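Everything below concerns the one structure shown next.
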Amino acid sequence: MNIVDQISVPLGIDTLWEMLTKDFEQVAYCLPGLKEFTGEDDNRYRMAMMVKVGPVTMNFVGQLVVKVIDASNKILKMESAARDPKMASSTTMNLTIQLKEDSNGSLIIVDTEVDVRGKVASLGWGMIQPKAKSLMKDFAKNLKGLVTEPST
Numbered sequence: 014m015n016i017v018d019q020i021s022v023p024l025g026i027d028t029l030w031e032m033l034t035k036d037f038e039q040v041a042y043c044l045p046g047l048k049e050f051t052g053e054d055d056n057r058y059r060m061a062m063m064v065k066v067g068p069v070t071m072n073f074v075g076q077l078v079v080k081v082i083d084a085s086n087k088i089l090k091m092e093s094a095a096r097d098p099k100m101a102s103s104t105t106m107n108l109t110i111q112l113k114e115d116s117n118g119s120l121i122i123v124d125t126e127v128d129v130r131g132k133v134a135s136l137g138w139g140m141i142q143p144k145a146k147s148l149m150k151d152f153a154k155n156l157k158g159l160v161t162e163p164s165t
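Just so you know, the sequence shown maps onto residues 14 to 165 in the working numbering.
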């Protein structure tokens, strides 16, 4: 399933790029349900995430790898794979964040490809797809908040 969202932020593209790449862990915590995000080496992170779909709560544990940091084109590409052994389920995600200049400052384009397997897939795409779209919309909203609101 592919989910694309875009948000406009009132920051210059270079300033925005620096903010997104300076502290990648802050960007990761924009994802709702993320409970743990720990660097293992320069581009590999261990992650734990709780997601509730309908009546089912899943606890996924896995890794996220930053595959591309393209400063000249302002593109970040990541891949993640996680499992919930209790639910005998797994998920993979390919996430691309691209920055483009727009009339208000910058446009953040979040493009996500998500695949879910195992028991959780038996809930059906009618339940999974709205939840995945909601998570990515909230991620984009939280990302906008991160880069536009002053740190405390």
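The beta carbon of each residue, even a glycine, is placed where N, CA and C say it ideally should be.
Note that the coordinates shown come from a computational prediction; the quantities given were computed from them, not determined experimentally.
- Excluding residues up to 5 positions away in sequence, Ile26, Trp30, Gln111 and Leu112 lie with their Cβ nearer than 7 Å to the Cβ of lysine 87 in the same chain.
- In the same chain as asparagine 117, and ignoring 5 residues on each side of it, the C-beta atoms closer than 8 Å to its own belong to Ser21, Val22 and Pro23, in chain order.
- Setting aside the 5 residues that flank it on each side, alanine 94 is surrounded in the same chain by Gly75 and Thr105, each with a C-beta closer than 6 Å to its C-beta; the list follows chain order.
- Around the beta carbon of aspartate 97, 16 or more other beta carbons sit within 10 angstroms, so the residue counts as buried.
- Taking all protein chains shown into account, serine 119 has 16 or more neighbouring C-beta atoms within 10 Å of its C-beta and is therefore buried.
- For aspartate 27, the enclosing alpha helix (DSSP H) has its first and last residue at 26-35.
- Collapsing the DSSP output to three states places methionine 14 in coil.
- Around the beta carbon of alanine 84, fewer than 16 other beta carbons sit within 10 angstroms, so the residue counts as exposed.
- Rounded to whole angstroms, the Cβ separation of valine 123 and alanine 153 is 5 Å, and the two are in contact under 8 Å.
- When secondary structure is reduced to three states using DSSP, leucine 120 falls in the strand class.
- Distance between alanine 145 and phenylalanine 50, taken at the CA atoms: about 19 Å.
- When the alpha-carbon of valine 40 is set against those of Phe73, Met91, Pro68 and Met63, the nearest one is in Met91.
- Boundaries of the beta strand (DSSP E) harbouring aspartate 83: 69-83, taken from the DSSP string.
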